[in-house]
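Those letters in the sequence shown? Residues 24 to 338, per our numbering, in order. Even glycine gets a Cβ: it sits at the ideal position worked out from N, Cα and C. Notes to accompany the following structure.
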Amino acid sequence: MKRKMGFLIVLAAALLLLVPSLTAGGQKDDGSLTVGFAQIKEDSPWRTTETNSVQQEAERLGIELKLSVTEQAGQIAALRDFIAQGVDGILLAPQTRSGWDEVLQEAKDAGIPVVMLDRGVDAPESLWVTQISSDFAYEGRVAGNWVAEKLNGKGKVAELFGDPAADPAILRSEGFMEVMASFPDIEVVESKTGEWSQDKGRQVVEAWLAAGVKFDVIYAHNDGMALGAIDALKAAGMDPGDDVLIISVDAIKAAFEAMERGDMNATVECSPLLGPLGFEAIMKTIDGKPVDKYIINPDGLYDLDNYKDHPTMGF
Ligand code: AHR
Numbered sequence: 024m025k026r027k028m029g030f031l032i033v034l035a036a037a038l039l040l041l042v043p044s045l046t047a048g049g050q051k052d053d054g055s056l057t058v059g060f061a062q063i064k065e066d067s068p069w070r071t072t073e074t075n076s077v078q079q080e081a082e083r084l085g086i087e088l089k090l091s092v093t094e095q096a097g098q099i100a101a102l103r104d105f106i107a108q109g110v111d112g113i114l115l116a117p118q119t120r121s122g123w124d125e126v127l128q129e130a131k132d133a134g135i136p137v138v139m140l141d142r143g144v145d146a147p148e149s150l151w152v153t154q155i156s157s158d159f160a161y162e163g164r165v166a167g168n169w170v171a172e173k174l175n176g177k178g179k180v181a182e183l184f185g186d187p188a189a190d191p192a193i194l195r196s197e198g199f200m201e202v203m204a205s206f207p208d209i210e211v212v213e214s215k216t217g218e219w220s221q222d223k224g225r226q227v228v229e230a231w232l233a234a235g236v237k238f239d240v241i242y243a244h245n246d247g248m249a250l251g252a253i254d255a256l257k258a259a260g261m262d263p264g265d266d267v268l269i270i271s272v273d274a275i276k277a278a279f280e281a282m283e284r285g286d287m288n289a290t291v292e293c294s295p296l297l298g299p300l301g302f303e304a305i306m307k308t309i310d311g312k313p314v315d316k317y318i319i320n321p322d323g324l325y326d327l328d329n330y331k332d333h334p335t336m337g338f
């Protein structure tokens, strides 16, 4: 009897020791968490603001953050590194929509929840926890309706595309074209990638102007490229915001400043302040609580009439 009791005590002690390691990933005994963030390497104020939002929230919550900023191949390597280090959760801003299945399966096999931050992927929903982003097709439709109204249903539009492999660029174009389909007298005369970058956006518009392309509106998939377009139009002696109307997406502070100068006409909001929602999703998952599959930010359109109403006057 005594031997049996002794065995039971040893077994109970062993189970108690096991409990902390069953909680999640590499969660430490003191309950503190480590989270990896695979951010996209992209030179834009929007992305810097998003990185800051994640860093600030990690600091506020006392979470150890492992930050990696690279292009897609590097992001996959970063995820593998996070998995090897046994992080408790991963925030992923996926540069492209495709190419994630294998590494997401590896994270799932390791029991590490992955949250899609700011963009979606085409990997099975079972491999990731939630997508926290804007509704990009909606943003495209908002821009499309604005253009149709300003042109009174007739005119020429040039589209500055983001990265053609990226979820927001694909959907912003689809949403925009959906609206254009109802306006046969609006012609989309050009559509070319400016790779989300101000400099590339400028170069693309310079090339259009040099080739004699005529357009009434430029629709840019982000404010950075719109600012590049403004540079190109000014360099060609044109008056952006007047000779050519400019609408884009993001609502960064520089876009509002361009509106104040009369260079830009409108921007559709896309919030980069995603850190709090990202960590909340990871912590809920670790605690076994349900998380919505899609957490979509409500976005508004800002132009000269209402940009001062924006809660942070741009991101
Ligand atoms: O995924 C969000 C988009 O990505 C932002 O609109 C853009 O600026 C960034 O490149």
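Could you work out which residue in the options is closest to residue i when comparing CA atoms only?
i	options	result
D265	A289, K276, T72	A289
I113	S121, R120, I135, D124	I135
N245	D328, D53, D66, D104	D66
S196	Q128, S156, V272	V272
D53	V314, A101, E87	E87
V340	W151, L327, E229	Outside the modelled stretch of the chain, which goes from 24 to 338, sits residue 340, for which no answer is possible.
L194	I275, T335, S156	S156
A192	D141, E210, E229, V228	D141
Y242	K257, K316, A171	A171
D190	D262, K276, T119, D104	T119
N97	L84, A116, R83	As written in the sequence, residue 97 is Gly, which differs from the Asn given in the question. Looking at the Cα atoms, A116 is the closest of the given residues.
R103	L268, G337, S220, A133	A133
W69	W219, A234, P334	W219
C293	E129, H333, Q128, V227	H333
Should residue i be listed as close to the ligand ATP, given that the test is whether its C-beta is under 7 angstroms from any heavy atom?
i	result
I193	The ligand ATP is not among the ligands present in this structure, which contains only the ligand AHR.
Using C-beta distances below 8 angstroms, list every residue in its chain close to residue i, excluding the 5 sequence neighbours before and after it, in chain order.
i	result
D222	G251
Y161	G198, D322
E213	A181, E182, W231, V236, F238
D328	none
A101	G59, A61, S91, T93
A249	L183, G224, I241, A243, I269, I270, S271, A278, A281, M287, T290
L40	Residue confidence is low: L40 scores 41 on pLDDT, short of 50, so the model does not pin down where it sits. Its coordinate-derived value is still stated next. Excluding sequence neighbours, L40 sits near nothing in its chain.
E229	A255, A258, A259
E129	L102, R103, I106
What whole-angstrom Cβ distance do residue i and residue j have, given they're in contact under 8 angstroms?
i	j	result
A304	T153	5 angstroms
T216	G167	Not really, about 19 angstroms apart at Cβ, beyond 8 angstroms.
K64	T93	5 angstroms
G122	Q78	Their Cβ separation, rounded to whole angstroms, is 26 angstroms, which puts G122 and Q78 out of contact at 8 angstroms.
G260	G224	Wrong, their Cβ atoms sit about 19 angstroms apart, outside the cutoff.
I99	V126	5 angstroms
P295	S76	6 angstroms
Leaving out five residues before and five after residue i in sequence, what residues of the same chain have Cβ atoms less than 6 angstroms from its Cβ?
i	result
P187	T216
D158	I319
Y330	F279, M282
D124	A146
A81	L88
L90	F60
Y317	Q154
G3	Coverage of the chain is limited to positions 24 through 338, which leaves residue 3 absent and any answer about it impossible.
A233	none
T46	Summary for T46: the model assigns pLDDT 39, below 50, so the residue's position carries little reliability; its value from the coordinates is reported in the next sentence. Excluding sequence neighbours, T46 sits near nothing in its chain.
T74	Q62
Enumerate in chain order the residues of its own chain whose CB-to-CB distance from residue i is below 7 angstroms, with the five nearest sequence positions on each side excluded.
i	result
D254	R225
L324	V165, W169, A289, V291
G163	L194, R195, S196, E197, G198, F199
V202	R164, G167, N168, A171
V211	V180, E182, M203
G85	S55
R83	none
G143	R120, Q154, S156, D190
A227	Correcting the residue type first, residue 227 is Val in the shown sequence and not Ala. Correct list, in chain order: L183, K215, G217.
So, do the region 168–188 and the region 235–255 have three or more beta carbon pairs nearer to each other than 8 angstroms? Using a Cβ-Cβ distance cut-off of 8 angstroms, the region 168–188 and the region 235–255 are in contact, since at least three pairs of beta carbons, one from each stretch, lie closer than that value.
Does the region 58–70 touch the region 103–110, meaning 3 or more C-beta pairs lie closer than 8 angstroms? yes
Assess, as a yes-or-no matter, whether the region 143–156 is touched by the region 196–212 under the definition of 3 or more beta carbon pairs within less than 8 angstroms. no
Minimum length 4: unbroken alpha helix (DSSP H) runs contained in the region 227–267: You should have 246–258.
So, do the region 296–305 and the region 164–177 have three or more beta carbon pairs nearer to each other than 8 angstroms? no
Can you list the alpha helix (DSSP H) stretches of 4 or more residues lying completely in the region 69–109, in chain order? Complete alpha helix (DSSP H) runs here, min 4: 95–108.
Taking only runs of the alpha helix (DSSP H) that begin and end inside the region 159–208, which ones reach a length of at least 4 residues, in chain order? 159–173, 190–203
Continuous alpha helix (DSSP H) assignments of at least 4 residues falling wholly in the region 277–314: Complete alpha helix (DSSP H) runs here, min 4: 298–309.
Count the CB pairs spanning the region 275–292 and the region 307–316 that are closer than 8 angstroms, and state whether there are at least three. Here the region 275–292 makes no contact with the region 307–316; the two share fewer than three CB pairs at distances below 8 angstroms.
Which runs of the alpha helix (DSSP H) spanning at least 4 residues fall entirely within the region 116–161, listed in chain order? 124–132
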